Amino acid sequence: KQWYQRRVRGTGYAGMRRGFLSGGLSGSQKREKKPAKITELKANPQAKVDGLKLKEVQNKMDEANKFLSDNSNEWLSDDLLRNITSNDKINNKLSNPQFMAAFAEFQSNPEQAARKYGDNPEMKEFIQEFSGLMGNHFTQLADKQTR
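Going by our numbering, the sequence shown opens with residue 1, and the numbers climb by one from there.
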């Protein structure tokens, strides 16, 4: 009986010594730990913006802007000016210095201006009205050229 108690006390589980599974290696058998390689990743906020820009589209937009500025005498017609002056919503805003400053801001930095004036209902209405007027004007010019 004493022999059995000594044997049971000296074992951990299923006849194995205590610490066999959880004790690790003995002092002479311990391995040196190598420092872990840690790769640090940082987000690139510009990549998020640039990922949405297509080079071909940007090139075409630049070409269109150059064409519009070089050929303003062809599209900046009396019809356009007449349509602007006859539209009260647009004409009133164009005579307002605050709206003109906001309009200039949209031309120079559209993203910042959109954040700044995006919640302004008057500005939204003006942009929609002006964009519609300009869209109709350029559609009419294209129709005239195809005839």
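Virtual Cβ for every residue (Gly too), placed ideally from N, Cα, C.
On a predicted model such as this, the values are computed, not experimentally measured, just so you know.
When we look at the beta-carbon of residue i and count the other beta-carbons within 10 Å, is it buried (16 or more) or exposed?
i           : result
residue 100 : exposed
residue 38  : exposed
residue 33  : exposed
residue 64  : exposed
residue 93  : buried
residue 61  : exposed
residue 102 : buried
Could you check where the alpha helix (DSSP H) with residue i kicks off and where it finishes?
i           : result
residue 113 : 110 to 117
residue 76  : From DSSP, residue 76 is part of no alpha helix (DSSP H); its letter is neither H nor E.
residue 91  : 88 to 94
residue 144 : 121 to 146
residue 64  : 55 to 70
Check the C-beta distance from residue i over to residue j and give it rounded, since I have them as a contact under 8 Å.
i           : j           : result
residue 105 : residue 113 : 4 Å
residue 130 : residue 90  : 6 Å
residue 141 : residue 83  : With a Cβ gap of about 12 Å, residue 141 and residue 83 do not count as contacting.
residue 68  : residue 75  : 7 Å
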